[in-house]
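Mapping to the working numbering: the sequence shown position 241 is 244, numbers consecutive.
Don't be surprised by glycine CBs; every beta carbon is placed ideally from N, CA and C.
Take a look at the structure below.
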Amino acid sequence: MSKEKPDLPLLRPMGVLERYMVARSQLGVYQKVAVTARYQCKSTDTLKSRLYAALATVVSQHPVLSAAAVDVDSKIPCFARLPYIDLDQVASFNEIETLDDVDGKVPSLDRFLEQEHTRQWDFGPALPLWRVHVFQQSGDTSRFILCYFFHHALGDTKSALVFHEGVEAALNTGSDVESASRISTRTDLPLLPPLDDIPRASASTSQSTAQEDLSGVWTGAVQSLPVQTRLRSLWLSAEQSKRFAQQCKKNGVSVTAALQTMLAAAIFQQIPEGYTTLKTSCPVSLRAWLPSPVSAESIGVFVDTFPEKYHRGPFSWEEAKRAKQTIDKVMQNRCGHGLIENLARIQDVKAEVDGNMGHPRRASLEMSNVGKLGPLQPGKDYQIESLLFSQSAGAMSAALKVSIVTGRDGRFTLAFSWQEGVIEDGFGEKVIGEFGSILERET
4 MSKEKPDLPL
14 LRPMGVLERY
24 MVARSQLGVY
34 QKVAVTARYQ
44 CKSTDTLKSR
54 LYAALATVVS
64 QHPVLSAAAV
74 DVDSKIPCFA
84 RLPYIDLDQV
94 ASFNEIETLD
104 DVDGKVPSLD
114 RFLEQEHTRQ
124 WDFGPALPLW
134 RVHVFQQSGD
144 TSRFILCYFF
154 HHALGDTKSA
164 LVFHEGVEAA
174 LNTGSDVESA
184 SRISTRTDLP
194 LLPPLDDIPR
204 ASASTSQSTA
214 QEDLSGVWTG
224 AVQSLPVQTR
234 LRSLWLSAEQ
244 SKRFAQQCKK
254 NGVSVTAALQ
264 TMLAAAIFQQ
274 IPEGYTTLKT
284 SCPVSLRAWL
294 PSPVSAESIG
304 VFVDTFPEKY
314 HRGPFSWEEA
324 KRAKQTIDKV
334 MQNRCGHGLI
344 ENLARIQDVK
354 AEVDGNMGHP
364 RRASLEMSNV
374 GKLGPLQPGK
384 DYQIESLLFS
394 QSAGAMSAAL
404 KVSIVTGRDG
414 RFTLAFSWQE
424 GVIEDGFGEK
434 VIGEFGSILE
444 RET
């Protein structure tokens, strides 16, 4: 919720993507992103003080982590510098039933993620745009789970991997000395510019926002508010993940293309035969093609999106190759279909939202594969094992979202999220089951 404007030094106005992210969370359309890491460690006895010291280090490296959003109800919200961050206000420590996944599931974690992804973002006057939640299992002092939630105006999901890797590195170089919960922030580092101010390749023609012909296209129930997120995660074993990656390589198909094609085939098995087409939306990171000061270690919003279309049929590697061609073209063009150009046309986000409610969604499936971290290394006191990337459902999003990431243990994880009422009860679980069957059959 918005608060009274604090007296904070302004850093810069938000760019097109950042403004839109703030407006849609204020309107209840979409709330937040999370990347959850399961860590192995030498001991959790001094975890809180060690983690606080690590967070202080990472905050000092990335100025946007000490920025607050101000004027969030205006047409030009801004980033402002927090003079300090009280880590007790942004970090929580709790117990969880189990740190392990059983048969690819962690129901207790799913329930927590579901609740947090539904909760509206709190733009508190002294709060940054991120939160961390730590979970430990009673009797287990060698592992913990760290959930990093962030507002999409702060960064994209690649940025969340940068955050986790920064925390991991700082945990390994820190000490067990008691750390203060209140940390001062740096004033000498400027924010990175918004994507609109960075030279980049542009789509020759951006996607039309006009109403499309959706005959025969399944997109779930119409766009609506309020949004209650439902979420289920799927944790593939290391062996199954390895076999899948090998099959992708053998068939000359990227992991992203294969996963998206398998998911489309799984959805077709659960929808009436009258639906012949699925439309997908896939984000793409632009950071590898952006000039300095943006780098692989930057935290910011540097994304575009591109569409794909599937026609009813079983999974085939040939269809996955076709999807790969679409992805390859995006890579060659170094841009998607003009997300920022389309959003720049929106003069009034509330009017845009109100005008879309009750109308069909524009996509069946949104699949985002944020990639992977490097392999586990021996001799580290603290190390990320598995990762899980998850998102809030959206009032104007695809009927089903699937968020994918691979941890240092080589395991693929998928988080399926949807808005309650947009798909039938049990639909998500059936799609997950069918996807698992396709994966098992093909690997």
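- Counting every other CB atom within 10 Å of its CB across the protein chains shown gives Gly255 a total below 16, marking it as exposed.
- Rounded to whole angstroms, the separation of the alpha carbons of Asp10 and Pro310 is 43 Å.
- The region 233 to 245 and the region 416 to 429 touch, with three or more beta-carbon pairs separated by less than 8 Å.
- Rounded to the nearest angstrom, the gap between the Cα atoms of Glu443 and Ala241 is 13 Å.
- For Tyr23, the enclosing alpha helix (DSSP H) covers residues 19 to 29.
- The residues Leu192, Leu194, in chain order, have a CB closer than 6 Å to that of Pro66 in the same chain once the five nearest residues on each side in sequence are set aside.
- As the crow flies, the alpha-carbon of Phe430 is around 7 Å from that of Gln273.
- A direct Cα-to-Cα measurement between Arg348 and Trp320 gives close to 39 Å.
- The C-alpha of Cys338 lies about 32 Å from the C-alpha of Gly439.
- Collapsing the DSSP output to three states places Phe430 in a helix.
- Measuring C-alpha to C-alpha distances from Lys383 to each of Ser295, Ser301, Thr279, Asn175 identifies Asn175 as the nearest.
- Following the DSSP letters along the chain, one finds Thr416 inside the beta strand (DSSP E) bounded by residues 415 to 422.
- Burial check for Met399: the Cβ neighbour count within 10 Å reaches 16 or more, so the residue is buried.
- If you draw a straight line from the Cα of Phe271 to the Cα of Gly316, it is about 7 Å long.
- CA-to-CA, the gap between Gln380 and Ala70 works out to about 33 Å.
- According to the DSSP assignment, Trp320 belongs to the alpha helix (DSSP H) that extends over 320 to 336.
- When beta bridges are read from the DSSP output, Met370 appears opposite Val405.
- In the DSSP assignment, His136 falls within the unbroken beta strand (DSSP E) covering 133 to 139.
- Within a 10 Å sphere around the beta-carbon of Ile88 sit 16 or more other beta-carbons, which makes this residue buried.
- Where Ile270 is concerned, the enclosing alpha helix (DSSP H) starts and stops at 258 to 271.
- Here Asn345 carries a helix assignment [DSSP, helix/strand/coil].
- Leaving aside the five residues that flank Ser111 on each side, the residues in its chain whose CB is nearer than 6 Å to its CB run, in chain order, Ile99, Glu100.
- By the beta-carbon neighbour count (other beta carbons within 10 angstroms, threshold 16), Ala260 is buried.
- Pro294 is classed as exposed because its beta carbon has fewer than 16 other beta carbons within 10 Å across all chains shown.
- One thing to note: Val220 has its Cβ no nearer than 7 Å to the Cβ of Gly361.
- For Arg84, no alpha helix (DSSP H) run applies; the uninterrupted beta strand (DSSP E) run containing it begins and ends at 81 to 84, by DSSP.
- Between Gly177 and Gln64 the beta-carbon gap is near 14 Å, outside 8 Å, which marks them as no contact.
- Linking Arg189 to Val73 through their CA atoms gives a straight-line distance of about 19 Å.
- Pairing Gln43 with Glu388 gives a Cβ-Cβ distance under 7 Å.
- The beta-carbon separation of Leu281 and Leu368, rounded to 6 Å, stays under the 8 Å limit for a contact.
- Counting along the chain, Ala173 sits inside the alpha helix (DSSP H) bounded by residues 160 to 176.
- Going by C-alpha positions, Tyr385 is about 7 Å away from Lys45.
- Leu68 has its alpha-carbon roughly 5 Å from the corresponding atom of Val62.
- For the set Ser288, Leu289, Tyr313, the Cα lying nearest the Cα of Tyr278 is the one of Tyr313.
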